[in-house]
Amino acid sequence: SLRVGILTSGGDCQALNATMRGLAKTLYAQVKDVEIIGFKNGYKGLMYEDYIKMSPRDFSGIINQGGTILGSSRCPFKKMQVIEDGFDKVKAMKKTYAKLNLDALAVLGGNGSLKSANLLAQQGLNVIGLPKTIDNDTYGTDYTFGFQSAIDVATRYLDDIHSTAQSHSRIFVVEVMGHKVGHITLAAGLATGCEIILLPEIPYDINVIAKKIKERNKKGKKFTIIAAAEGAISKEDATLSKKKYKAKVAARGGHSVVEEIARDLQAIMPEAEIRTSVIGHAQRGGEPDAYDRMISTRFGIEGARLIMNRSFGQLVVLKQGEVGSIPLQDTAGKLKYVDPEGKTVKNARLMGVSFGDR
Ligand code: F6P
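Next comes the structure, spelled out in structure tokens:
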């Protein structure tokens with residue numbers, strides 16, 4: 002017999018349900034007497050004993066459902082002991098785990114949640130992780146589920162902007178999600194033929210962007226779409242300390258980088274009609290696409306296999322097309338960035354894509 006806890010933590014994304022389904026169906030199929038406990042709203046459910054006893058039916062018909070049937074929340078606990086109002090969070094989680102007599106805990110989470118999962122593993126809990134985030138920034142895996150569906154949403158959005166930008170001969174600066182990395186922006190930018198793609202990993206110079214737009218105009222292309230990652234940063238700002246940069250963003254009213262790019266561009270090109278547009282949380286919402294459903298199912302099965310083999314403290318990963326796992330410890334606290342010297346960026350430059358840097 003086996004008692005397995007499961008939770009979804011951090012910002013949600015597509016294919017959380019498909020992943021849980023893959024894991025649960027495998028356990029139900031392979032283990033005679035299995036009980037799955039679903040914790041509500043991420044680690045909070047584990048802390049405050051808020052859970053439901055799941056049955057096989059709960060995992061039926063959810064492979065294409067967005068969001069998470071368990072709910073999620075951001076609930077960081079970076080240290081071993083996080084005491085709030087006399088409440089020791091980690092102790093509380095360990096207590097729930099012991100009380101429910103769990104054999105294992107599956108955490109579906111992004112970087113923050115996986116760091117927490119690693120802490121719990123160090124505390125002796127039998128934890129496995131599954132890499133969830135649209136940002137695809139989890140270190141040690143080629144892929145995190147949600148990424149491809151987010152690219153699809155961003156791609157459709159940029160396509161839609163294309164026609165209106167063209168009709169009005171306008172410049173659009175479009176904000177794409179991705180937190181501190183540019184994976185979604187790079188992929189959706191290439192997929193929509195954007196000639197200017199701005200990534201956090203490659204600080205931009207506004208004059209270089211203006212020059213590229215003018216070149217396009219000379220060639221008869223009177224409109225431009227700039228795909229800008231929410232974490233895009235100017236060369237000047239990239240030299241600032243974290244603290245100084247934060248203060249600068251606060252001073253500009255906290256508004257996003259696309260507003261800043263539009264304003265600085267307008268100063269150089271006073272005649273241009275410039276608009277900004279933010280794609281936002283639709284990138285995390287809605288149905289997972291076919292690729293995410295397929296990968297998530299494979300991830301879920303691998304997660305179940307790790308639990309059955311009692312290989313704990315591991316994160317399910319995709320490496321060169323095959324599922325596998327790495328120690329949670331190897332990924333905790335690290336991010337996977339776009340490689341500015343990598344072939345995707347270098348080859349994009351060959352066809353004339355500008356990253357705003359030179
Ligand atoms: O990590 C996923 C993500 O959507 C990022 O792309 C974005 O920076 C962030 O979460 C937004 O977070 P929130 O859920 O707090 O709005």
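In this text, residue positions in the sequence shown follow the UniProt record's numbering: the first is 2, and each later residue adds one. For every residue, glycine included, the Cβ atom is placed at its ideal position computed from N, Cα and C.
Limits of the unbroken beta strand (DSSP E) element including residue i
i: Lys54; result: 52-55
i: Val35; result: 35-40
i: Phe60; result: Here Phe60 belongs to no beta strand (DSSP E), and DSSP marks it neither H nor E.
i: Val128; result: 128-132
i: Ser278; result: 275-279
i: Ala233; result: Neither: Ala233 is in no beta strand (DSSP E) and is coded neither H nor E.
i: Ile185; result: Taken as a continuous stretch (DSSP letters only), Ile185 belongs to no beta strand (DSSP E), being part of the alpha helix (DSSP H) at 184-192.
i: Val177; result: 172-177
Residue i: CB within 7 angstroms of a non-hydrogen atom of the ligand F6P
i: Glu231; result: yes
i: residue 414; result: No statement about residue 414 is possible, as the shown extent of the chain runs from 2 to 359 and does not include it.
i: Gly130; result: no
i: Asp143; result: no
i: Met309; result: no
i: His256; result: no
i: Asp293; result: no
i: Met178; result: yes
i: Gly12; result: yes
i: Thr332; result: no
i: Ile135; result: yes
i: Gly111; result: yes
Pair within 8 angstroms by beta-carbon distance, residue i and residue j
i: Arg350; j: Ile64; result: no
i: Ile327; j: Leu316; result: yes
i: Thr9; j: Leu109; result: yes
i: Leu307; j: Ile37; result: no
i: Ser297; j: Ala19; result: yes
i: Ile234; j: Val174; result: no
i: Ser73; j: Asn102; result: no
i: Met48; j: Ala93; result: yes
i: Asp143; j: Ile185; result: no
i: Phe60; j: Lys26; result: yes
i: Ile162; j: Ser257; result: no
i: Pro289; j: Ser114; result: no
i: Lys181; j: Gly334; result: no
i: Leu200; j: Gly183; result: yes
i: Gly67; j: Val209; result: no
i: Gln123; j: Val91; result: no
i: Asn119; j: Leu329; result: yes
i: Ala273; j: Ile172; result: yes
i: Gly147; j: Thr134; result: yes
Span separating the alpha-carbon of residue i from that of residue j
i: Thr332; j: Lys215; result: 43 angstroms
i: Glu176; j: Leu266; result: 15 angstroms
i: Arg22; j: Met178; result: 27 angstroms
i: Gly322; j: Pro271; result: 48 angstroms
i: Arg311; j: Asp89; result: 28 angstroms
i: Lys245; j: Ala251; result: 10 angstroms
i: Ile70; j: Cys14; result: 12 angstroms
i: Ser2; j: Val35; result: 6 angstroms
i: Lys238; j: Ile198; result: Contrary to the premise, residue 238 reads as Asp rather than Lys in this sequence. Between Asp238 and Ile198, the C-alpha separation is close to 18 angstroms.
i: Lys337; j: Pro132; result: 12 angstroms
i: Gly111; j: Cys76; result: 12 angstroms
i: Ile280; j: Ala99; result: 43 angstroms
i: Ala155; j: His282; result: 10 angstroms
i: Lys344; j: Ile203; result: 14 angstroms
i: Ala188; j: Ile152; result: 7 angstroms
i: Leu24; j: Asp138; result: 23 angstroms
i: Gly287; j: Ala230; result: 21 angstroms
i: Asp104; j: Tyr52; result: 16 angstroms
i: Glu261; j: Thr193; result: 23 angstroms
i: Lys347; j: Arg217; result: 20 angstroms
Beta bridge counterpart(s) of residue i as assigned by DSSP
i: Gln167; result: According to DSSP, which records beta bridges pairwise, Gln167 is partnered with nothing at all.
i: Thr139; result: Leu336
i: Lys212; result: Beta-bridge pairing links Lys212 to no other residue.
i: Gln330; result: Paired residue(s): none; Gln330 is not in a bridge.
i: Val317; result: Ser326
i: Ser355; result: Ile197
i: Thr107; result: According to the sequence provided, residue 107 is Ala. The question's Thr does not apply to it. For Ala107, which the question treats as bridged, DSSP gives the partners Ile7, Ile129.
i: Ile152; result: Paired residues: none, contrary to the question.
N- and C-terminal bounds of the alpha helix (DSSP H) containing residue i
i: Lys249; result: 243-252
i: Ala93; result: 90-100
i: Gln267; result: 258-269
i: Phe300; result: 291-309
i: Thr69; result: Taken as a continuous stretch (DSSP letters only), Thr69 belongs to no alpha helix (DSSP H), as it is neither H nor E.
i: Gln123; result: 112-123
i: Gln31; result: 17-31
i: Tyr44; result: 44-48
Within-8 angstroms CB hit, residue i to chain D
i: Phe300; result: In the displayed structure, chain D is absent; only one protein chain is listed.
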